[in-house]
């Protein structure tokens, strides 16, 4: 007899941001809006376009994701993992009952000795490594005997719907990949996919009922998703250009959430694309941050090893949400604000004026200052730059204008400070 297990699907939390906006010689504004990234400029998707396969970029090599598989310790776990992938398109187009929303897949047998915990771990690993499985739902059914296990997966759609949606999805992915340029760094590739998702996907609130909000199809084709859709799409796109990433489960306050850890130039960073999409504008507060920074706003769910079987499996047929992999992120080199901004390590010896002149020459809307926490006190630095009685930043504006050879920058600026991120964002004003 099959026993059906339900793994709870994560729902995204309401996005909350902690920042303080200070104004220096400027009219007060409620928030910064970047008009260059407004969603009214997003790509319009034609769902009638169909592609049978992905046309990979000639400049970058696709990788297979194996972080979940690498956690499997027994041959039985690894065998089940492989068999799940081998049978993941065995559609029946049948429901177990008229009230069931999912379709049964063909059941299959794996000849091995395995426990329910090992089976669950194999399933978790499959979903960890394969964000492309948008047609599968997380519930599954199983029956364990001494030397074999029978497994049934469930789909959210029929085979015909799967075939059509797969071709639509391929067409969108091909469009995204076709925009890649030769010689882009891993940071630039990550930034490109981050910005594409933020610009072209609408975050769905709990009250909104949309098609496929938890999958890459919802995020990329329907252009509307919850955190799982953003995260899966980001992970998949990164794999197409050779960048390793994993999904990480957690929460904020009392609601489930999921985000990515991304390996850039050999170091792990956390990136939460969902939280960087704030609706009418986006930012980079959650782009390549450390574990320490992440924990100020996010709570990590423990690894599976932290729970006993009684804690892991509930009587109502659900399994506790767990992590298989939790990378430790300590690097700061490719933090967005540090890498793209002006790093302030010494108030009297820095390149801020030159960086400011460069930003003004490109008519950039925002200028980012990263206050080095190892050498600078954030509060004192901010006050020296932007306190109305001191406003030392005006000296950098004057020097930048001198470098440019004319009065380009106005002294009036809007400033957003974020102590937790060691950043100051300056909205530039031009003459």
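Residue numbers (my numbering): 8 to 438. In this text, a Cβ means the ideal position worked out from N, Cα and C, and glycines have one as well. Nothing here was measured: the structure is a model prediction, and the numbers come from that model.
According to DSSP, is residue i helix, strand or coil?
{"i": "residue 400", "result": "helix"}
{"i": "residue 329", "result": "coil"}
{"i": "residue 143", "result": "strand"}
{"i": "residue 96", "result": "coil"}
{"i": "residue 264", "result": "strand"}
{"i": "residue 430", "result": "strand"}
{"i": "residue 63", "result": "coil"}
{"i": "residue 79", "result": "coil"}
{"i": "residue 410", "result": "helix"}
{"i": "residue 74", "result": "coil"}
{"i": "residue 133", "result": "helix"}
{"i": "residue 89", "result": "helix"}
{"i": "residue 392", "result": "helix"}
{"i": "residue 258", "result": "strand"}
{"i": "residue 162", "result": "strand"}
{"i": "residue 186", "result": "coil"}
{"i": "residue 172", "result": "helix"}
{"i": "residue 307", "result": "strand"}
{"i": "residue 193", "result": "helix"}
{"i": "residue 218", "result": "coil"}
Which residues in the same chain as residue i place their Cβ atom closer than 7 Å to its Cβ, once the five residues preceding and following it in sequence are excluded?
{"i": "residue 408", "result": "414, 415, 416"}
{"i": "residue 52", "result": "179, 228, 230"}
{"i": "residue 73", "result": "136"}
{"i": "residue 83", "result": "119, 120, 121, 125"}
{"i": "residue 345", "result": "339, 377"}
{"i": "residue 426", "result": "385"}
{"i": "residue 50", "result": "207"}
{"i": "residue 343", "result": "291, 294, 295"}
{"i": "residue 428", "result": "292, 300, 344"}
{"i": "residue 103", "result": "111"}
Tell me, please, which residues DSSP counts as bridged to residue i.
{"i": "residue 157", "result": "116, 150"}
{"i": "residue 241", "result": "Residue 241 pairs with nothing; no bridge assigned."}
{"i": "residue 270", "result": "275"}
{"i": "residue 253", "result": "268"}
{"i": "residue 50", "result": "Answer is none; residue 50 lacks a bridge partner."}
{"i": "residue 210", "result": "232"}
{"i": "residue 374", "result": "433"}
{"i": "residue 351", "result": "378"}
{"i": "residue 101", "result": "111"}
{"i": "residue 364", "result": "Beta-bridge pairing links residue 364 to no other residue."}
{"i": "residue 198", "result": "Its beta-bridge partners do not exist; DSSP assigns none."}
{"i": "residue 320", "result": "326"}
{"i": "residue 296", "result": "277"}
{"i": "residue 425", "result": "430"}
Excluding the 5 residues preceding and the 5 following residue i in the sequence, name in chain order all residues of the same chain whose CB lies nearer than 6 Å to its CB.
{"i": "residue 164", "result": "142"}
{"i": "residue 144", "result": "109, 161, 163"}
{"i": "residue 338", "result": "274"}
{"i": "residue 85", "result": "79"}
{"i": "residue 433", "result": "374, 420, 422"}
{"i": "residue 191", "result": "none"}
{"i": "residue 252", "result": "242, 245, 267, 269"}
{"i": "residue 336", "result": "275, 276, 277, 297, 298"}
So, under 8 Å CB-CB, residue i and residue j are touching, yes? Tell me the CB distance rounded to an integer number of Å.
{"i": "residue 360", "j": "residue 438", "result": "About 17 Å; that fails the 8 Å criterion."}
{"i": "residue 296", "j": "residue 269", "result": "With a Cβ gap of about 11 Å, residue 296 and residue 269 do not count as contacting."}
{"i": "residue 285", "j": "residue 267", "result": "Incorrect: roughly 18 Å between the Cβ atoms, too far for contact."}
{"i": "residue 357", "j": "residue 351", "result": "6 Å"}
{"i": "residue 166", "j": "residue 107", "result": "Not a contact, Cβ separation roughly 17 Å."}
{"i": "residue 311", "j": "residue 128", "result": "6 Å"}
{"i": "residue 329", "j": "residue 280", "result": "22 Å between Cβ atoms; not a contact."}
{"i": "residue 147", "j": "residue 130", "result": "6 Å"}
{"i": "residue 256", "j": "residue 308", "result": "4 Å"}
{"i": "residue 138", "j": "residue 243", "result": "4 Å"}
{"i": "residue 271", "j": "residue 197", "result": "6 Å"}
Once you ignore the five residues that flank residue i on each side, which residues in its own chain have a CB closer than 8 Å to its CB?
{"i": "residue 465", "result": "In the structure as shown, the chain starts at 8 and stops at 438, and residue 465 therefore has no counterpart that could be examined."}
{"i": "residue 247", "result": "61, 63, 64, 67, 69, 180, 184"}
{"i": "residue 176", "result": "141, 223, 224, 227, 228"}
{"i": "residue 132", "result": "75, 76, 78, 79, 84, 88, 331"}
Any heavy atom of the ligand HEM inside 7 Å of the beta-carbon of residue i?
{"i": "residue 183", "result": "In the structure shown, the ligand HEM is absent, as is every other ligand, since no ligand is present at all."}
Touching or not, the region 266-276 and the region 170-181, by the rule of three or more beta carbon pairs under 8 Å?
Verdict: no, contact absent.
Measuring CB atoms only, is the region 83-98 touching the region 116-133, in the sense that at least three cross pairs come out at less than 8 Å?
With contact defined as three or more Cβ pairs closer than 8 Å, the region 83-98 and the region 116-133 are in contact.
Touching or not, the region 295-304 and the region 221-231, by the rule of three or more beta carbon pairs under 8 Å?
Segments in contact, no.
Contact between the region 356-371 and the region 391-409: three or more CB pairs below 8 Å?
Short answer: they touch.
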